[in-house]
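As you go down the protein sequences, you meet chains A and F in turn.
Throughout, my numbering is defined as the position within the first sequence, counted from one, plus 39.
Throughout, my numbering is defined as the position within the second sequence, counted from one, plus 39.
Backbone N, C-alpha and C define an ideal beta-carbon position, used for all residues, glycine too.
Since the structure is predicted, the reported quantities are computational estimates derived from the model, not experimental observations.
To start, the structure under review is shown below, and the notes come after it.
There are 2 protein chains.
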Amino acid sequence: MKFPGTVTIKEVGPRDGLQNEKAFIDTEDKIKWINQLSHSGLKYIEITSFVNPKWIPALADAFEVANGIERVAGVTYTALVPNRKGLERALEANIDEAAVFMSASETHNRKNINKSIDETYPVLREVVEDALEAGKSVRGYVSTVFGCPYEGAVEVEAVVRVAEKLFEMGIGELSIGDTIGLANPKQVQNVLHVLLKRFPADRLAMHFHDTRGTAMANVLASLDVGIATFDASLGGLGGCPYAPGASGNLATDDLLYMLEGMGIQTGVDREKLFSAARFIEEKLGRPLPSHNLQVARGC
Amino acid sequence: MKFPGTVTIKEVGPRDGLQNEKAFIDTEDKIKWINQLSHSGLKYIEITSFVNPKWIPALADAFEVANGIERVAGVTYTALVPNRKGLERALEANIDEAAVFMSASETHNRKNINKSIDETYPVLREVVEDALEAGKSVRGYVSTVFGCPYEGAVEVEAVVRVAEKLFEMGIGELSIGDTIGLANPKQVQNVLHVLLKRFPADRLAMHFHDTRGTAMANVLASLDVGIATFDASLGGLGGCPYAPGASGNLATDDLLYMLEGMGIQTGVDREKLFSAARFIEEKLGRPLPSHNLQVARGC
């Protein structure tokens, strides 16, 4: 197997993690937490979502969070934006990068965005154009790449079509999402073999969920074909919050443990990450489910 | 990456899982559980341990369990034996295979077996000789291959020395143990590259613990270099029983999910495995921590 010498970990906990929380974490605490993450060596943090607060009340303070955090040199601060209106607010809060999102499967796209895939493109195109014009970069997310909760199997050509459209619009990077955590390493390599024929490895990131325990193996399969950017959520925040141990997002600290052990550089300080994890655990009022936090708690 | 077409899963839950339980599972329930496992398509089950009950009271009924279970054709029933005395009782109970064990690190061996590594060899040699004479095969376990809780790093040459001694005695297969779950995939391949120069792949099995979340990635790294036998414990039984979600043994059902998805044959029926998991969860009075059982419970 081949491994890159350096990997970029993109921390999505403040957005993909917190958006699943029923409890509202105080704006001041979100800001403190993101500031801790900023000083942990992470180079990229997705801090919030400018989706209508009606849909994600947990992140209703997107503007205040984006406005209130310390901006540490060398860290890119990004936020999810669903449309032009969201982008306007995100730009007012001076985010560095906008993240747009859609699904590779029609039904999931409709359920999530309330539009068909074809209807979604012009909306995202406006966002990408406006963001680029404002001097910001744009990241794309494509969901349900390895399977859809409504449709089952997803054709890799459907993923390629979405990827081509988004890159054509001007996104800098595409994050390939295993939204419901069912991918396996062979499937990951099969999909990446197709994508890597059309897009360079340094424009692709992988976004794994550990729902069925395959996330770390899927990371390994991705590293082996040249992928060096991974989304992760500190402590595995973002799973099913009412089942201790239930796994959602790949945990940043578990990913870091494996990469460090393999001699792959990330720039992230494990102790600072643990300290940030303990802070948000206290605010959430429950332990986070990642393996390495459990080990750190002495079990 | 290369993957074998078929993998043998060796179920160690009744021994490596139950031995960590404070509560004594009734002999009748152990027998019922093992019988369910026998009908799930698993071809190998480690059913108990003939260690002195003073050390593992949870398995004090080793003889009754080994004697009481149904023997399904095509399934190998094995038990851990520490010495000649343990073997005698195991043979009386008509086990198919004896499993002997020792550590690659001196301190762990002393703490676990109360002997130095050199003092351990003659004890195991007696067991292997007697077992072979009785027409039984013998499996070896080598622990702390990827790191020792007392000594830290373990030299691969220490592992090779133990492996050579055990194969020379006449064991059929050696199970390579990441006892405290700290291996990473690069380390796994490095160790296996050395071992595979001296021993054929079909004489080696991997025994991973998921303590730090790397077990499935370590399986993938092992498959890639030709290993096709893995120990696992249903539901991840054998972790820290008082922290829900804390992971110990690699979970059979998680391993099965990944292998099935990759098109690798195991012969194991997932539904029958889930049904056996629900049975033992009920007897334990708590849910098991594996990812796929959590998904099956609807989280």
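Collapsed DSSP secondary structure at residue i in the structure displayed
i: T159(F); result: helix
i: G300(A); result: helix
i: T146(A); result: helix
i: M40(A); result: coil
i: G277(F); result: coil
i: L295(F); result: helix
i: D55(F); result: helix
i: S261(A); result: helix
i: N288(F); result: strand
i: E194(F); result: coil
i: E60(F); result: coil
i: P283(A); result: Here the model assigns P283(A) a pLDDT of 46, short of 50, so the residue's position is not dependable, and the following value carries that caveat. Of the three classes helix, strand and coil, the one that applies to P283(A) here is coil, per DSSP.
Beta bridge counterpart(s) of residue i as assigned by DSSP
i: C214(A); result: Per the sequence shown, residue 214(A) should be read as Ser rather than Cys. Note: S214(A) sits in a beta bridge opposite Y180(A) and A244(A).
i: M255(A); result: Paired residues: none, contrary to the question.
i: M141(A); result: V181(A)
i: G306(F); result: Answer is none; G306(F) lacks a bridge partner.
i: E136(A); result: T117(A) and S176(A)
Unbroken alpha helix (DSSP H) run spanning residue i, endpoints
i: E50(A); result: It is not in any alpha helix (DSSP H) - E50(A) instead sits in the beta strand (DSSP E) that spans T47 to E50.
i: L126(A); result: R123 to E131
i: P224(A); result: P224 to R237
i: A335(F); result: H330 to A335
Contacts around residue i, its chain only, beta-carbon distance under 6 Å, and the 5 residues preceding and following it disregarded
i: F247(A); result: D217, A254, N257 and L289
i: A99(F); result: P92
i: G277(F); result: D55, G56, N59, G287 and N288
i: E320(A); result: P326 and L327
i: P188(A); result: I219
i: G265(F); result: A240
i: T268(F); result: T47 and A244
i: G52(A); result: S272, L273 and L276
i: L163(A); result: V139
Start-to-end residues for the beta strand (DSSP E) that takes in residue i
i: F318(F); result: From DSSP, F318(F) is part of no beta strand (DSSP E) but of the alpha helix (DSSP H) over R309 to L323.
i: F269(F); result: T268 to A271
Residues near residue i in its chain [Cβ-Cβ closer than 8 Å; skip 5 each side]
i: P96(F); result: F63
i: P224(A); result: T253, A256, N257, L259 and A260
i: R149(F); result: S155
i: A171(A); result: The sequence shown places Leu at residue 171(A), not Ala. Contacts found: V177 and G209.
i: T146(A); result: C187, Y189 and E190
i: L213(F); result: R178, G179, Y180, V181, A202, L205, F206, F238, R242, L243 and A244
i: Q75(A); result: K311, S314, A315 and F318
i: G284(F); result: For G284(F), the predicted model reports a pLDDT of 48, less than 50, meaning its position is unreliable; a value from the coordinates is still stated below. So the list reads P328, once near-sequence residues are dropped.
Cutoff 8 Å: residue i Cβ touching any chain D Cβ
i: T218(F); result: The structure shown has no chain D; the protein chains it does contain are A and F.
Cβ-based neighbour list, residue i, same chain, cut-off 7 Å, excluding 5 preceding and 5 following
i: A282(F); result: The predicted model places A282(F) with a pLDDT of 47, which falls under 50 and marks its position as unreliable, so this point remains unresolved.
i: Q226(A); result: F185
i: E136(F); result: T115, T117, K175, S176, V177 and R178
Complete beta strand (DSSP E) runs within the segment 62-118 of chain A (minimum length 3 residues, chain order): 83-88
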